[in-house]
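Q:
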Amino acid sequence: MGDVINLKRFKKRSEREQSAKQADANRARFGRTKAERALDERRKDRAADLLDQHKLNGGDAS
4 MGDVINLKRF KKRSEREQSA KQADANRARF GRTKAERALD ERRKDRAADL
54 LDQHKLNGGD AS
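So the sequence shown is numbered by our numbering: it starts at 4 and just counts up by one.
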């Protein structure tokens with residue numbers, strides 16, 4: 004005869020494992036360090052400054 008298992012425990016364990024897999028996927032997809040976010044912010048600011056320097060008469064060219 005096989006081992007007796009508690010179905011509630013089995014279900015909870017499988018849900019926890021699935022949740023952990025999802026969390027790992029999210030960390031890989033969205034996780035960035037503070038330094039990476041700061042670098043992107045500096046790059047964005049620099050690009051905006053360079054674009055502003057090329058405007059004619061400080062207004063719209065249209």
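Backbone N, C-alpha and C define an ideal beta-carbon position, used for all residues, glycine too. The structure presented is a predicted model; accordingly, all values stated were derived computationally and were not measured.
Under DSSP, the alpha helix (DSSP H) around Asn-9 begins and ends at which residues?
A: From DSSP, Asn-9 is part of no alpha helix (DSSP H); its letter is neither H nor E.
Q: What is the rounded straight-line gap between the Cα of Gln-25 and the Cα of Asp-55?
A: 42 Å
Q: Would you give the residue range spanned by the alpha helix (DSSP H) that Lys-37 belongs to?
A: Counting along the chain, the alpha helix (DSSP H) containing Lys-37 begins and ends at 37–56.
Q: Rounded to whole angstroms, what is the Cα-Cα separation between Lys-37 and Leu-10?
A: 43 Å
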